[in-house]
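Chemist:
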Amino acid sequence: FEARLTQASLIKKILEAIKDLVTDANFDCSPEGLSLQAMDSSHVSLVSMVLHAQGFEMFRCQRAVSLGINLASLTKILKCAGNDDSITLRADEKGDKAEFVFESQSQDRLSEFELKLMDIDSEHLGIPDTKYSAIVEMPSSEYRRICSDLGVMGDTVRISVSKESVKFQVDGDIGKGSVCLHPSSVVDKPTEVVKISLEEPVDMIFSIRYLNYFAKAAPLSDTVTLSLSKDFPLQIEFKFGEQMGYLRYYLAPKID
Amino acid sequence: MKSQSTLLSFFETK
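Given below as structure tokens:
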């Protein structure tokens, strides 16, 4: 397996967005691309990442291989890569180590690292194709701000989506608060748009702590999509451009 | 009082 990405910053941002939820994960390499699925230890949330092969500058994978990686170790290695460096990832069939090569844009600096891989027994979950009742698209910076603002007030947030608005409400020890967003009427910048597609109104409660973990993915995409259905896990998606891939989180709801 | 569910009750293990 060998793959080369022009910008190491993408991998660095992906890692930042998942390393607080997951400690070890299998990076699954196949001819289609690189993917990862992992749950947090309490099985409340799940991360699903896909990088399509066509998003790479070069991608070669003769047969599927899983690279079991400790994310703290990978973070240490990626700290040695500049944001604008290209990154080449290599692994052989034995699958006991992975090789990382970082090259500066001017090609005058080359650094190489080898990471020991581990055997990870991970449970793969089948996520059914779902027709969600409510889909909200909003700026990821707005999502991050709401989660961090409301997170200081309480542990859970009630998300209510209607045709007219999406409302985030918190009820905590010191008091309560809410933020309500209406779909944008005037659109200056596509990245500032709030869009709501609704089959039926949804009103659900989630842990703010997890929503805040997911907000770490905000640097990956200008917009975020929240998909909700009653008594079903919330899906939060950050897309890396059109053809590149995505990072999705799933969060189990609080239920009666 | 609402309690936290887990994903295992919604998604099947492959």
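Residue numbers (my numbering), protein chains in the order written: chain A, 1 to 256; chain B, 1001 to 1014.
Each residue gets a CB set at the ideal place from its N, CA and C atoms; glycine is no exception.
1) Could you tell me which uninterrupted beta strand (DSSP E) segments, each at least 3 residues in length, are contained entirely in the segment 42-66 of chain A, listed from first to last along the chain?
2) Quick check: A:L228 and A:A134, are their CB atoms within less than 7 angstroms of each other?
3) Consider the Cβ of A:L36: report whether some Cβ of chain B lies at a distance smaller than 7 angstroms.
4) Count the other CB atoms, across all protein chains shown, that sit within 10 Å of the CB of A:L71; report buried if there are 16 or more and exposed otherwise.
5) Tell me the residue span of the beta strand (DSSP E) that contains A:E99.
6) Quick one: Cα of B:F1010 to Cα of A:P233, how far?
7) For A:P139, count the other beta carbons within 10 Å of its own beta carbon; 16 or more makes it buried, fewer makes it exposed. Which is it?
8) Only counting the same chain, and skipping five residues up and downstream in sequence, which positions put a Cβ closer than 6 angstroms to that of A:M153?
9) Going by DSSP, name the residue or residues bridged to A:M204.
10) Output the residue ranges of the alpha helix (DSSP H) runs that lie fully inside the segment 120-162 of chain A and measure 4 residues or longer, sorted by chain position.
11) For the segment 31-58 of chain A, list every residue whose C-beta sits within 8 angstroms of some C-beta in chain B, in sequence order.
12) Taking the alpha helix (DSSP H) that A:Q243 falls in, what are its first and last residues?
13) The alpha helix (DSSP H) with A:K13 in it runs from where to where?
14) Is there a C-beta anywhere in chain B that falls below 7 angstroms from the one on A:G154?
15) In chain order, what residues of the same chain have a beta carbon less than 8 angstroms from the beta carbon of A:R209, not counting five sequence neighbours either side?
16) Check whether the Cβ atoms of A:R144 and A:A217 sit closer than 7 angstroms, and answer yes or no.
Modeler: On the basis of the coordinates in this document:
1) 45-52 and 58-60
2) For this step, residue 228 of chain A is matched to residue 228 along the first sequence. For this step, residue 134 of chain A is matched to residue 134 along the first sequence. Cβ atoms of A:L228 and A:A134: closer than 7 angstroms.
3) By one-based count along the first sequence, residue 36 of chain A stands at place 36. Chain B contact via Cβ: absent.
4) Along the first sequence, read from residue 1 onward, the residue named residue 71 of chain A stands at position 71. With 16 or more other Cβ atoms within 10 Å, it is buried.
5) Residue 99 of chain A sits at position 99 when you count from the first residue of the first sequence. It spans K97 to E103 - the beta strand (DSSP E) in which A:E99 sits, taken as one unbroken run.
6) For the purposes of this step, residue 1010 of chain B is identified with residue 10 of the second sequence, where counting begins at 1. For the purposes of this step, residue 233 of chain A is identified with residue 233 of the first sequence, where counting begins at 1. Each residue's alpha carbon lies about 7 angstroms from the other.
7) On the first sequence, position 139 is the one that residue 139 of chain A refers to. When all chains shown are included, A:P139 counts as buried.
8) Along the first sequence, one-based indexing puts residue 153 of chain A at 153. Here the set comprises V170, G172 and G177.
9) On the first sequence, position 204 is the one that residue 204 of chain A refers to. Looking at the DSSP assignment, A:M204 forms a beta bridge with A:I159.
10) 140-151
11) M39, S42, H43, V44, S45 and L46
12) As a first step, residue 243 of chain A must be located in the first sequence, where it is residue number 243. Run containing A:Q243: G241 to M244, per the alpha helix (DSSP H) assignment.
13) Locating residue 13 of chain A in the first sequence gives position 13, where the first residue counts as 1. Run containing A:K13: A8 to I18, per the alpha helix (DSSP H) assignment.
14) Working through the first sequence from its first residue, we reach residue 154 of chain A at position 154. With 7 angstroms as the cut-off, A:G154 does not count as an interface residue toward chain B.
15) By one-based count along the first sequence, residue 209 of chain A stands at place 209. G151 and D155.
16) Indexing the first sequence from 1 puts residue 144 of chain A at position 144. Indexing the first sequence from 1 puts residue 217 of chain A at position 217. Their beta carbons are not under 7 angstroms apart, which means A:R144 does not touch A:A217 by this criterion.
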